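Visitor: Chains as they are written, first to last, in UniProt numbering: chain H, 1 to 196; chain P, 1 to 196.
We put the CB at the ideal spot given by N, CA and C, even for glycine.
Please read these numbers as outputs of a predicted model, since none were measured by experiment.
2 protein chains.
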Amino acid sequence: MGGHELSARGAGTRALILDAAVDAFAESGYAAASVREIAARCGLTHPALLYHFPTKAALLMAVLERRDSVGAPGGGMDALHGEDLLAHLVETAARNAAAPGIVELFATLAGEATAPSHPAHDFFVARYASLLGMVERAYRELAEDGRLTPGVDPADAARRLVAVMDGLQVQWLLDRSVDMAAGVAAQVSAHIVTPG
Amino acid sequence: MGGHELSARGAGTRALILDAAVDAFAESGYAAASVREIAARCGLTHPALLYHFPTKAALLMAVLERRDSVGAPGGGMDALHGEDLLAHLVETAARNAAAPGIVELFATLAGEATAPSHPAHDFFVARYASLLGMVERAYRELAEDGRLTPGVDPADAARRLVAVMDGLQVQWLLDRSVDMAAGVAAQVSAHIVTPG
DNA sequence: GTCTATATAGAGATAGAC
DNA sequence: GTCTATCTCTATATAGAC
Numbered sequence: 001m002g003g004h005e006l007s008a009r010g011a012g013t014r015a016l017i018l019d020a021a022v023d024a025f026a027e028s029g030y031a032a033a034s035v036r037e038i039a040a041r042c043g044l045t046h047p048a049l050l051y052h053f054p055t056k057a058a059l060l061m062a063v064l065e066r067r068d069s070v071g072a073p074g075g076g077m078d079a080l081h082g083e084d085l086l087a088h089l090v091e092t093a094a095r096n097a098a099a100p101g102i103v104e105l106f107a108t109l110a111g112e113a114t115a116p117s118h119p120a121h122d123f124f125v126a127r128y129a130s131l132l133g134m135v136e137r138a139y140r141e142l143a144e145d146g147r148l149t150p151g152v153d154p155a156d157a158a159r160r161l162v163a164v165m166d167g168l169q170v171q172w173l174l175d176r177s178v179d180m181a182a183g184v185a186a187q188v189s190a191h192i193v194t195p196g
Numbered sequence: 001m002g003g004h005e006l007s008a009r010g011a012g013t014r015a016l017i018l019d020a021a022v023d024a025f026a027e028s029g030y031a032a033a034s035v036r037e038i039a040a041r042c043g044l045t046h047p048a049l050l051y052h053f054p055t056k057a058a059l060l061m062a063v064l065e066r067r068d069s070v071g072a073p074g075g076g077m078d079a080l081h082g083e084d085l086l087a088h089l090v091e092t093a094a095r096n097a098a099a100p101g102i103v104e105l106f107a108t109l110a111g112e113a114t115a116p117s118h119p120a121h122d123f124f125v126a127r128y129a130s131l132l133g134m135v136e137r138a139y140r141e142l143a144e145d146g147r148l149t150p151g152v153d154p155a156d157a158a159r160r161l162v163a164v165m166d167g168l169q170v171q172w173l174l175d176r177s178v179d180m181a182a183g184v185a186a187q188v189s190a191h192i193v194t195p196g
């Protein structure tokens, strides 16, 4: 198919830059990582990188948006309901244990991005609103089936489940012997009553 | 008593610097905050600040260590046992809702400091080890009294309670309508069985 | 104890050659 | 699409006057 090797290599370079940016932002955070360092990681100079992404903030947003389209949570979770959605979060935690870079990225940025002036602030506000909304819905569906522990508020349970996921990620980054998936699973089953 | 106004003012300046440093590190993180900005906040130039704290990293450590001696958790928690210790964590969460600066500081730094090269890395490793140890002990004491929900592992419950505290702090920083204390209280009561 | 001035280094971003 | 060279700004830290 008719030879567009230059633009193909262009797309490859973009992906290469995004991979390097994930690592750099994960290790040092957004503020401390430098465009020069990211460019060096893929054998480029920093003007070459800025040809593909006009600013450092644009690079960060591209990193975050690519991750959201590829990984969980966010992709395909709308189709899941009730216990299936909660089980999906346990799987996500298990999968994350094999991807330290992604966990570092989000744990580091979540803290930084609480500042309203941070370029990823709006992204994280939207991300949490979406995630919390979906998990709350799952708990409500569980409640309709009489499978939610009595007296538990679905919105509160959702907040705490998401908090457990985030908090265990930090603990896991400080001590890799922490079992994130087991913790999330325990948190899920703490509020589910098995009928019978 | 007996006129050491210069050294008294010296101590006052130190405290002034630490207060400004808390705010700056909280708002921007350690990497993004600058010594100049912190000095300006208390009407000093940056060499004046560096007279009191030799390096930026030393300033960060002083901030963290002062907070540990003043605030919770860490101070006086060894004397608390079982349910009292867990109740103390609920009170801490309630108190934190009135101190956004402290919450921002620890939420921002916890992410940054997962990197082993971060100046506060060892501090956070030690802090989590200590905190998790105390909470786990509280859950074990609860279990001995038959008040821990059967089948719940004290170490796992401790990890998840600390994770809820941390995770709710991030959510609260993004949306101040989140009730941190209520969430922590709900997490505590989720694993306590009231005998009778 | 605080200042001005400076050393040294690195940041993000742009101009223009190839 | 990538480079070299450079602009401008800011950073941490130090020297030395007061």
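#1: Closer than 7 Å, CB to CB, is H/ALA163 near chain P or not?
#2: Using DSSP with H/G/I as helix, E/B as strand and the rest coil, what is P/LEU44?
#3: By a C-beta neighbour count over all protein chains shown, 10 Å radius and 16 as the cutoff for buried, is P/ALA58 buried or exposed?
#4: Tell me the DSSP secondary structure of H/LEU85 in three-state form.
#5: Which whole-angstrom value describes the C-beta separation of H/ILE17 and H/LEU60, a residue pair presumed to lie in contact below a C-beta threshold of 8 Å?
#6: Out of curiosity, what's the CA-to-CA distance linking P/ASP156 and P/ALA163?
#7: Pull the bridge partners of P/LEU148 from the DSSP assignment, please.
#8: Quick check on P/ASP84 - is its C-beta less than 7 Å from some C-beta in chain H?
#9: Identify, in the order they occur along the chain, each residue of the same chain with its Cβ nearer than 8 Å to the Cβ of P/GLU104, setting aside the five sequence neighbours on each side.
#10: CA-CA distance, P/MET180 and H/GLY12?
#11: Can you give the Cα-Cα distance for P/ASP23 and P/LYS56, rounded to whole angstroms?
#12: Examine chain P for any beta-carbon lying closer than 7 Å to the beta-carbon of H/ARG160, and answer yes or no.
#13: Mapping the DSSP letters down to three states, classify P/GLY167 as helix, strand or coil.
#14: P/GLU104 versus chain H: which residues are under 7 Å apart at the beta carbon?
#15: If P/ALA110 and P/PHE124 are in contact, beta carbons under 8 Å, what's the gap, nearest whole angstrom?
#16: Residues in the same chain with beta-carbon distance under 7 Å from H/HIS191, minus the five sequence neighbours each way, listed in chain order, please.
#17: How would you label P/ARG176, buried or exposed, when you count the other beta carbons within 10 angstroms and need 16 or more for buried?
#18: Given 8 Å as the limit, is there contact between the stretch 80–96 of chain H and the stretch 129–147 of chain H, that is, 3 or more CB pairs closer than that?
#19: Could you name the residues of the stretch 130–162 of chain H whose beta carbon sits closer than 7 Å to any beta carbon of chain P, in the order they occur along the chain?
#20: Taking C-beta pairs closer than 7 Å, name the residues in chain P that H/LEU168 reaches, listed in chain order.
#21: Quick check on the DSSP output: the alpha helix (DSSP H) that includes H/GLY111 runs from which residue to which?
#22: To the nearest angstrom, report how far apart P/SER34 and H/GLY76 are at their CA atoms.
Guide: Reading from the atomic positions:
#1: Yes, H/ALA163 counts as interfacial toward chain P.
#2: Assignment of P/LEU44 by DSSP, reduced to helix, strand and coil, places it in the coil class.
#3: An exposed status is given to P/ALA58, since fewer than 16 other beta-carbon atoms sit within 10 Å of its beta-carbon.
#4: Three-state result, H/LEU85: helix.
#5: Wrong, their Cβ atoms sit about 12 Å apart, outside the cutoff.
#6: Their Cα atoms are separated by approximately 10 Å.
#7: BP columns for P/LEU148 point to P/ILE192.
#8: No, P/ASP84 does not count as interfacial toward chain H.
#9: ALA26, GLU27, LEU173, listed in sequence order.
#10: Between the C-alpha atoms of P/MET180 and H/GLY12 there is a straight-line separation of about 45 Å.
#11: Cα to Cα, the separation comes out at about 14 Å.
#12: Closer than 7 Å: yes.
#13: Note: P/GLY167 maps to helix in three-state DSSP.
#14: Those within 7 Å of P/GLU104 in chain H are THR114.
#15: Rounded, the Cβ-Cβ distance is 6 Å, consistent with contact.
#16: Its chain contains LEU148, THR149, VAL152, ALA157 as the residues whose beta carbon lies nearer than 7 Å to that of H/HIS191, once the 5 sequence neighbours on both sides are disregarded; these appear in chain order.
#17: Around the Cβ of P/ARG176, a 10 Å sphere holds fewer than 16 other Cβ atoms; the residue is exposed.
#18: In short, these stretches touch, since the Cβ pair count reaches three.
#19: Answer set for the stretch 130–162 of chain H: ASP156, ARG159, ARG160, VAL162.
#20: By Cβ distance, chain P contributes ARG159, ALA163.
#21: Note, H/GLY111: alpha helix (DSSP H), 100–112.
#22: If you take the alpha carbons of P/SER34 and H/GLY76, they lie about 42 Å apart.
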